[in-house]
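Participant:
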Amino acid sequence: MKKLRSVIHASLATLAIISTTALHAEQPAQIPLPKIERKSMLNGMQVLFLDAEGDRSPFLLMIQNGAAFDPVDKWGVTYLMTRIPVDKWGVTCLMTRMLMDQLAEADYLSEFQTKGIQVHATTDWDAIFIEGSAPPQELEFALQTLGEILARPKFDQDVFDRLRAELVEELKKLDRDPEFQSETLFTSRIFQENPYGHPVRGTVKTVSNLYLRDVLIQARRLLLPNGWVQEKSLPFTFRQATPPSEPQIALLNAPVDGKCFVRWGYLGVEKSSRDYLTFKVLEQYLTLAMPDWAQEVQDANHIRGYAQCVARRMPGFLQISIETQPKYAPAYVGKFLSAMDRLRTGPIDEKRFNEAKSLVLQEFVKSLADPEARIREILTSELYGVGLGFIPTFPLRLERVTPEVFQRAVSEQFPDKSYVAVIVSPGADMDSRLGQFGRVEVLN
Numbered sequence: 005m006k007k008l009r010s011v012i013h014a015s016l017a018t019l020a021i022i023s024t025t026a027l028h029a030e031q032p033a034q035i036p037l038p039k040i041e042r043k044s045m046l047n048g049m050q051v052l053f054l055d056a057e058g059d060r061s062p063f064l065l066m067i068q069n070g071a072a073f074d075p076v077d078k079w080g081v082t083y084l085m086t087r088i089p090v091d092k093w094g095v096t097c098l099m100t101r102m103l104m105d106q107l108a109e110a111d112y113l114s115e116f117q118t119k120g121i122q123v124h125a126t127t128d129w130d131a132i133f134i135e136g137s138a139p140p141q142e143l144e145f146a147l148q149t150l151g152e153i154l155a156r157p158k159f160d161q162d163v164f165d166r167l168r169a170e171l172v173e174e175l176k177k178l179d180r181d182p183e184f185q186s187e188t189l190f191t192s193r194i195f196q197e198n199p200y201g202h203p204v205r206g207t208v209k210t211v212s213n214l215y216l217r218d219v220l221i222q223a224r225r226l227l228l229p230n231g232w233v234q235e236k237s238l239p240f241t242f243r244q245a246t247p248p249s250e251p252q253i254a255l256l257n258a259p260v261d262g263k264c265f266v267r268w269g270y271l272g273v274e275k276s277s278r279d280y281l282t283f284k285v286l287e288q289y290l291t292l293a294m295p296d297w298a299q300e301v302q303d304a305n306h307i308r309g310y311a312q313c314v315a316r317r318m319p320g321f322l323q324i325s326i327e328t329q330p331k332y333a334p335a336y337v338g339k340f341l342s343a344m345d346r347l348r349t350g351p352i353d354e355k356r357f358n359e360a361k362s363l364v365l366q367e368f369v370k371s372l373a374d375p376e377a378r379i380r381e382i383l384t385s386e387l388y389g390v391g392l393g394f395i396p397t398f399p400l401r402l403e404r405v406t407p408e409v410f411q412r413a414v415s416e417q418f419p420d421k422s423y424v425a426v427i428v429s430p431g432a433d434m435d436s437r438l439g440q441f442g443r444v445e446v447l448n
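If you're matching positions, the sequence shown starts at 5 in the numbering used here and goes up one per residue.
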């Protein structure tokens with residue numbers, strides 16, 4: 005979303021408190037934005053205020069560096085840091101866990117509960133979010149407390165050991181989940197060596213190899229006030245993701261109780277791309293098509309699946325995910341391919357296209373009715389380089405997505421041979437049935 009002009013252009017850590025006033029779900033010509041004011045706290049944290057109403061003041065702190073900045077082979081360190089605080093291909097994840105643990109262990113959490121303050125943290129690839137809400141009279145206490153923890157984090161060895169062990173056990177359980185297996189395999193193939201191809205929480209191997217010093221280094225890079233006053237967030241210096249030149253089909257043989265998980269898709273675009281809204285329409289268009297696929301493939305009008313268009317600072321991805329029976333998996337891959345071929349060459353189902361556009365607008369306006377979601381839309385405007393004006397002009401921009409623009413974007417961005425397909429399924433003959441679409445790599 006677009007730049008917050010003079011409001012947040014200089015800070016790595018930005019915090020906002022916004023109104024709980026809901027936006028209406030009609031289709032406005034423009035979406036109104038509240039008046040924004042700014043205040044700097046003593047520890048260097050930037051606070052954005054929007055007119056608050058009601059008995060609670062939602063807030064969100066966004067640190068504009070996330071799990072994508074985990075050092076190589078340290079995935080999960082940021083996630084763990086914000087649980088206690090710790091991270092490193094898992095280091096950012098671990099860092100986040102440590103921060104939240106510090107809040108609890110220092111008796112702040114019990115005081116927060118007494119005062120009616122709610123807070124939680126999440127780690128994304130591009131940012132760390134610490135969000136919650138408080139009664140208006142307790143807001144200053146909540147922000148000052150969080151500011152103190154972030155400015156002077158404590159990283160104890162015992163806490164680190166405990167939270168690292170907890171995260172490793174979580175990851176071991178996830179590694180046995182076929183749906184999670186399909187997700188991690190898909191993103192790794194889509195992004196290759198790009199950091200987006202690694203799990204935010206890291207892997208069992210990378211988290212097990214983390215040390216407390218990894219957390220300390222990551223906290224110094226991402227959290228301390230001398231970073232918050234820089235003009236820009238840490239630069240991306242990663243290997244850029246590139247689409248494959250030929251189909252990438254991976255089959256993971258796994259016992260999944262007669263179920264099969266199919267993921268299929270393409271490398272996408274940055275959120276600042278002119279085609280971003282086009283692909284949000286594509287996301288809904290493909291979702292609306294799924295019941296027809298189910299009827300054609302297995303004579304059923306229901307299906308467990310979804311289409312998803314994810315966009316971030318760097319290219320995101322288009323993904324279709326379906327849970328089905330193993331015998332139907334190749335047929336669904338064929339449906340995906342034929343659907344994209346029709347979108348490239350036409351004709352486009354205009355009724356479905358218009359319904360998809362309407363759903364995109366409804367989803368966006370509905371999300372802004374939620375205070376925390378509205379904060380994220382505003383604060384990530386600078387992060388994703390789309391500008392603050394993206395929000396009020398969303399309906400106009402969406403209206404400019406015509407069938408011709410839609411077809412041009414699909415043809416340019418999603419060549420017919422650049423897709424990735426991942427199937428997690430039992431069945432020894434699956435590779436031969438998938439071979440009609442390209443070379444299949446069988447994994448065990």
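Cβ coordinates follow ideal geometry from the N, Cα and C atoms, glycine included.
None of these values were measured; they are calculated from a predicted model.
Can you determine whether any heavy atom of the ligand MG sits closer than 8 angstroms to the C-beta of R224, and answer yes or no?
Facilitator: What this structure holds is no ligand at all, so the ligand MG is not there to describe.
Participant: Would D435 and V446 be called neighbours here (beta carbons separated by less than 9 angstroms)?
Facilitator: Contact: yes.
Participant: I think L64 touches E142, with their Cβ atoms under 8 angstroms apart; what is that distance to the nearest whole Å?
Facilitator: The pair is not a contact, with the Cβ atoms about 16 angstroms apart (cut-off 8 angstroms).
Participant: Let me make sure I understand the geometry here. Which of N69, D128 and M99 has the alpha-carbon closest to that of V314?
Facilitator: That would be D128, whose Cα lies nearest to the Cα of V314.
Participant: Whole angstroms is fine: what's the gap from F265's alpha carbon to G151's?
Facilitator: Distance between the alpha carbons of F265 and G151 is about 43 angstroms.
Participant: If you draw a straight line from the C-alpha of A343 to the C-alpha of Q299, how long is it?
Facilitator: Taking the straight line joining both Cα atoms gives about 15 angstroms.
Participant: Buried or exposed, going by whether 16 or more other CB atoms sit within 10 Å of the CB of E381?
Facilitator: Buried, since its Cβ has 16 or more Cβ neighbours within 10 Å.
Participant: From which residue to which residue does the alpha helix (DSSP H) around F159 run?
Facilitator: Here F159 belongs to no alpha helix (DSSP H), and DSSP marks it neither H nor E.
Participant: Would you check if there are 3 or more beta carbon pairs closer than 8 angstroms linking the segment 72–82 to the segment 199–209?
Facilitator: At 8 angstroms Cβ cutoff, the stretches touch.
Participant: On a CA-only basis, which of A333, N448, S249 and D160 is nearest L216? Give me that one, please.
Facilitator: Ranking the options by Cα distance to L216, first place goes to D160.
Participant: Helix, strand or coil: which one does DSSP assign to A315?
Facilitator: Coil.
Participant: Cβ atoms of G206 and L171: under 9 angstroms apart, would you say?
Facilitator: The answer is yes: Cβ separation under 9 angstroms.
Participant: Taking contact to mean 3 or more Cβ pairs, one atom from each stretch, closer than 8 angstroms, check whether the segment 358–369 and the segment 330–344 are in contact.
Facilitator: No contact exists between the segment 358–369 and the segment 330–344.
Participant: With DSSP run on the structure shown, which of helix, strand or coil describes P89?
Facilitator: Since pLDDT at P89 reaches only 38, below the 50 mark, its modelled position is unreliable, and the value read off the structure follows with that caveat. If DSSP states are grouped into helix, strand and coil, P89 belongs with coil.
Participant: Could you spell out where the alpha helix (DSSP H) holding V285 opens and where it closes?
Facilitator: Start and end: Y280 to Q302.
Participant: Going by C-alpha to C-alpha distance, which of S385, P396, N69 and V414 sits closest to D279?
Facilitator: Per the Cα distances, V414.
Participant: Suppose contacts are defined by Cβ-Cβ distances below 9 angstroms. Is P182 in contact with A254 by that definition?
Facilitator: It is not a contact, given that the beta carbons lie outside the stated cut-off.
Participant: Consult DSSP for E327 and reduce its assignment to one of helix, strand or coil.
Facilitator: If DSSP states are grouped into helix, strand and coil, E327 belongs with the strands.
Participant: With H, G and I counted as helix, E and B as strand and the rest as coil, what does DSSP make of I427?
Facilitator: Strand.
Participant: Would you mind sorting A245 into buried or exposed? The rule is 16 or more other CB atoms within 10 Å of its CB.
Facilitator: Counting Cβ neighbours within 10 Å, A245 comes out buried, since at least 16 surround it.
Participant: What are the start and end residues of the beta strand (DSSP E) that includes Y270?
Facilitator: C264 to L271 is the extent of the beta strand (DSSP E) around Y270.
Participant: In whole angstroms, what is the alpha-carbon distance linking L363 and G320?
Facilitator: C-alpha separation (whole angstroms): 21 angstroms.
Participant: Hey, how far is the Cα of M294 from the Cα of I307?
Facilitator: Computed Cα separation, rounded: 7 angstroms.
Participant: Count the other CB atoms within 10 Å of the CB of D59; is the residue buried (16 or more) or exposed (fewer)?
Facilitator: It counts as exposed.
Participant: Assuming F164 contacts V219 (C-beta within less than 8 angstroms), just tell me the rounded distance between them.
Facilitator: So it is a contact: roughly 6 angstroms between Cβ atoms.
Participant: Closer than 8 angstroms is the cut-off here; do at least three beta carbon pairs connect the segment 268–276 with the segment 346–357?
Facilitator: The segment 268–276, when compared against the segment 346–357, does not touch it at the 8 angstroms Cβ threshold.
Participant: From the DSSP output, read off the bridge partner residues of V446.
Facilitator: For V446, which the question treats as bridged, DSSP gives the partners L255.
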